[in-house]
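In the UniProt record's numbering, the protein residues as written are 1 to 170.
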Amino acid sequence: MVNINDVLRKRKQQKRHQMMNKISKVKRSFKDQQKYIQQEQNEKLKKDKLADKKMDFYNSLFKDDPNQGEDKQEENKQEQKNQKVKKGIQKDGKKPYKREKFNRQEFKKQIQEQKMKKQEEIENQKKEKEQQRKKIKKIFTERTKTGQPVMKNYINYLVDKLEKEKKQNQ
């Protein structure tokens, strides 16, 4: 008697194998095409008299901006300084005495304090925005003793005033 689970598992395995075969064929064909393209380019460059100039031009086009490279160098220098600080290395490159060793707990506390300050600033900004919204909402929803909205009356008053001015100007 054939177990259904075994049959299903075999089907699943066959499907996986088929998919893997398809994927590997596509990858292989892609690699072959790349090799072919590279060979064509190399042959063209060998035949071409201006090949060196063209390669320099293309290299200059596709290189990163020099400013980005400087930024990366500055970032790397900063990271190295931070690592030295973490390790407790002095400017001379000597390791400090035991008293001067880098205290990781203090460093972590400083980082946590900075994070807390940022969170407090964000919370304060949110509170200010909410207060402004509440003020605006109060202004627009404020009503007179008779129950009429104040802003609507004020807007109507301004519209009437503008109409009167237009009539006087005409």
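Quick reminder that beta carbons are idealized off the backbone N, C-alpha and C, glycines included.
Just to confirm, are residue i and residue j a CB contact at a threshold of 8 Å?
i	j	result
I139	M151	yes
Which residues in the same chain as residue i place their Cβ atom closer than 8 Å to its Cβ, once the five residues preceding and following it in sequence are excluded?
i	result
T144	V150 and N153
I'd like the list of long-range same chain contacts for residue i, defined as Cβ closer than 7 Å, with 5 residues on each side in sequence excluded.
i	result
residue 187	In the structure as shown, the chain starts at 1 and stops at 170, and residue 187 therefore has no counterpart that could be examined.
M20	none
To which residues does DSSP link residue i through a beta bridge?
i	result
R143	P149
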